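Enquirer:
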Amino acid sequence: PHCPSSFILLKGVARGKRQCRTSVSQKTHLRPDSLLAPSYKEEGCHTASRSGHCAALLPTAGPRPGHQLLLFGGCKSAEPEVAGHWSPGKITEEPPAAPHLTEQLAKLVSNGQGSRQGPAGLRHHSCSVVGPFAVLFGGEALNRARDAVCNDLYIYDARKSPPLWFHFACADRGLKRTGHQTCLWNDQLYLVGGFGEDGRTASPQACILDILI
Numbered sequence: 003p004h005c006p007s008s009f010i011l012l013k014g015v016a017r018g019k020r021q022c023r024t025s026v027s028q029k030t031h032l033r034p035d036s037l038l039a040p041s042y043k044e045e046g047c048h049t050a051s052r053s054g055h056c057a058a059l060l061p062t063a064g065p066r067p068g069h070q071l072l073l074f075g076g077c078k079s080a081e082p083e084v085a086g087h088w089s090p091g092k093i094t095e096e097p098p099a100a101p102h103l104t105e106q107l108a109k110l111v112s113n114g115q116g117s118r119q120g121p122a123g124l125r126h127h128s129c130s131v132v133g134p135f136a137v138l139f140g141g142e143a144l145n146r147a148r149d150a151v152c153n154d155l156y157i158y159d160a161r162k163s164p165p166l167w168f169h170f171a172c173a174d175r176g177l178k179r180t181g182h183q184t185c186l187w188n189d190q191l192y193l194v195g196g197f198g199e200d201g202r203t204a205s206p207q208a209c210i211l212d213i214l215i
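Just so we're on the same page, the working numbering is the position in the sequence shown counted from 1, plus 2.
1) Does any heavy atom of the ligand GDP sit closer than 6 angstroms to the C-beta of His55?
2) Pull up the distance between the alpha-carbon of Ala171 and that of Glu96, whole angstroms please.
3) Can you tell which of Arg148, Gly54, Pro67, Ala63 has its C-alpha closest to the C-alpha of Phe74?
4) Within 7 angstroms of any Cβ in chain B, is that where the Cβ of Ser117 sits?
5) Measuring alpha carbon to alpha carbon, tell me which of Gly181, Ile213, Cys209 ends up nearest Gly198.
6) Kindly list the residues whose CB is nearer than 8 angstroms to the CB of Arg175, restricted to its own chain and excluding five residues on each side of it in sequence; keep chain order.
7) Quick check: the Cα distance between Cys209 and Gly140, rounded to an integer number of angstroms?
8) Is it buried or exposed for Ala160, if we count other Cβ within 10 angstroms and need 16 for buried?
9) Find out if the Cβ-Cβ distance for the pair Tyr2, Ala143 is shorter than 7 angstroms.
10) Three or more beta-carbon pairs under 8 angstroms between the stretch 112-123 and the stretch 86-103, yes or no?
11) How many Å lie between Arg52 and Gly76 at the Cα?
12) For His48, which three-state DSSP category applies?
13) Please tell me whether Trp167 and Gly120 are closer than 7 angstroms, where the distance is taken between their beta carbons.
14) Select from Tyr156, Leu214, Val194, Gly133 the residue whose C-alpha is nearest the C-alpha of Gln207.
Rendered as structure tokens:
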């Protein structure tokens, strides 16, 4: 089987029970002669305290092309935080092919109103990279006293500089999720696991997130 020679690792220093004091981006190099003895090279990036966040490796446009590792959510800020930047040729990625879904997302955002502002105070959401898009779904809104579990869809469009956010509401309350995952497989996004609308009842449901235009 194919084994990558390097991967990116995020680590944190615990503070209390629920939050990570410092996140550190590391690039881990695997020695080809022995996969049991990896070597580590710390990238030296320390980010804000956060909990329940997600990370996505996306291509960058504008004056600094290449790839960025972005952190989404897990704190009150609405802005994604850059945990690492690599110039062209430094990162070799093999993203799963999803031409139909990528086209659907491109059409969806072309009909929407983009914003520089992302979701504030979102945590325990899911994030899947589809081509040049980061697709965030569900989660728990820290700025809501009631009805905090979400079923909102957020699309982060990295094709332009600066990137734009697109927000789409979902009418199906049965899709409210927190602590779940979305998985890209066979050109479709699957919603798996997590807790439902009350934030306590585990959901056994696995379903496809259809993008309807």
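Cβ atoms here follow ideal geometry from the backbone N, Cα and C, with glycine treated the same way. Predicted model, so just to flag it, every value in this text is computed and none were measured.
Expert: Looking at the coordinates:
1) The model on display carries no ligand, and the ligand GDP is accordingly not part of it.
2) The residue you call residue 171 lines up with position 169 of the sequence shown. The residue you call residue 96 lines up with position 94 of the sequence shown. Roughly 31 angstroms between the two C-alpha positions.
3) The residue you call residue 74 lines up with position 72 of the sequence shown. Here the closest residue by C-alpha is Gly54.
4) Included in the structure is just one protein chain, with no chain B present.
5) Residue 198 sits at position 196 when you count from the first residue of the sequence shown. Per the Cα distances, Gly181.
6) Position 173 of the sequence shown, counted from the start, is the residue given in the question as residue 175. The beta carbon of Arg175 lies closer than 8 angstroms to those of Asn153, Glu199 in the same chain, with the five residues before and after it left out.
7) In the sequence shown, counting from the first residue as 1, residue 209 sits at position 207. In the sequence shown, counting from the first residue as 1, residue 140 sits at position 138. About 14 angstroms.
8) On the sequence shown, residue 160 is found 158 positions in, with the first residue counted as 1. With 16 or more other Cβ atoms within 10 Å, it is buried.
9) Missing from the structure shown is residue 2; the chain here goes from 3 to 215 and no further.
10) Look at the beta carbons and you see the stretch 112-123 not touching the stretch 86-103: under three pairs across the two are nearer than 8 angstroms.
11) Residue 52 sits at position 50 when you count from the first residue of the sequence shown. Residue 76 sits at position 74 when you count from the first residue of the sequence shown. Approximately 5 angstroms between the Cα atoms of the pair.
12) Residue mapping note: residue 48 aligns to position 46 of the sequence shown, counting from 1. In this structure, His48 counts as strand in the three-state DSSP scheme.
13) Taking the first residue of the sequence shown as position 1, residue 167 is located at position 165. Taking the first residue of the sequence shown as position 1, residue 120 is located at position 118. Against a cut-off of 7 angstroms, the Cβ pair of Gly120 and Trp167 comes out as a contact.
14) Numbered from its first residue, the sequence shown carries residue 207 at position 205. Out of Tyr156, Leu214, Val194, Gly133, Val194 has the C-alpha closest to the C-alpha of Gln207.
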